[in-house]
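Going from the sequence shown to the numbering used here is simple: count from 1 and add 382. See structure below.
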Amino acid sequence: MDQITIDVMKPKINPVYLDFEKIYEVPFPIYIHNMDFSNDSGRVDIHLLYHKRATFTCPCGKENLKVHSKLPRIWRGLDIAKYGCYIHLDVPRLICPECGVRTYQVPWARDHSHLTHLMEQNILTLSNYMPIGILAKFLGESENRVSNVLTHFAISPKVPATRGRKKRTSPVEKSAPKMVPAAEEE
Ligand SMILES: [Zn+2]
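Pasting the structure below:
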């Protein structure tokens, strides 16, 4: 692809964004259009875009496919300092001559997951040191989402909710989440 085409497809908005594109594994022709830091809500929203004439590769490997439709998605990424990080993209849906309509597979997250690979890795590591409930609270995520990650990677919680304490029968304990083979979130 020649430089003129690249310049059209990917406008030079802010040089700092290029670094964040590397950190979050945002591939051309997708680019960061805007990063919105909100002190009030304690979050940064990273909005990704691509040119309307951009083409993408199908998960099967077929290249240069035009965008047929879009699927709005948001992923939770690793925090930036104290800011919770949320990545937004209208994911391209492609018409592939081999597969029919397929959704583009973003490189920073698993299919159907609402968390980036880095965030899931973080959860797997932290699950060695804290129970699911505390881990979820620590990350500001739902226990269900944290459980789904552990279930997907077939990891049993290393730290049971009752470790080091007598079995209690408080309402909190009774409602502790069970590890179930959860359906993937969508
Ligand atoms: Zn395909």
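Glycine is no exception: its CB is placed at the ideal position from the N, C-alpha and C atoms.
Its Cα nearest to that of lysine 404, the residue Trp490 stands out among Met383, Ser509, Trp490. Between the segment 427-441 and the segment 509-516 there are fewer than three inter-stretch CB-CB distances shorter than 8 Å, so the stretches are not counted as touching. For lysine 392, the shortest separation between its Cβ and any heavy atom of ligand 1 does not lie below 7 Å. For the pair methionine 383 and aspartate 418, the Cα-to-Cα distance works out to about 31 Å.
In the displayed model, proline 474 falls within a strand according to three-state DSSP. Burial is judged here by how many other beta carbons sit within 10 angstroms of a residue's own beta carbon; asparagine 530 has at least 16 and is buried. At a threshold of 7 Å, cysteine 440 counts as near ligand 1, since its beta carbon sits closer than that to one of the ligand's heavy atoms. Our two residues, serine 524 and histidine 415, have alpha carbons roughly 28 Å apart in a direct line. Residue pairing from DSSP places alanine 491 in a beta bridge opposite Thr498.
Restricting attention to Tyr465, Gly443, Ile505, the CA atom closest to the CA of proline 479 is found in Gly443.
In this structure leucine 476 is not in contact with serine 509, their Cβ atoms being roughly 35 Å apart against a cut-off of 8 Å. If the five residues before and after asparagine 396 are omitted, its C-beta is found closer than 7 Å to no C-beta atom of its own chain. At least one heavy atom of ligand 1 sits closer than 7 Å to the Cβ of lysine 444.
Within the segment 404-468, the beta strand (DSSP E) runs of at least 3 residues that lie entirely inside it are, in chain order, 413-420, 425-431, 447-462. Counting only the Cα atoms, isoleucine 456 lies some 13 Å from proline 474. Between lysine 394 and the set Ser423, Asn421, Leu431, Ile537, the nearest pair of CA atoms involves Leu431.
Glycine 515 sits in a helix when the DSSP states are folded into three classes.
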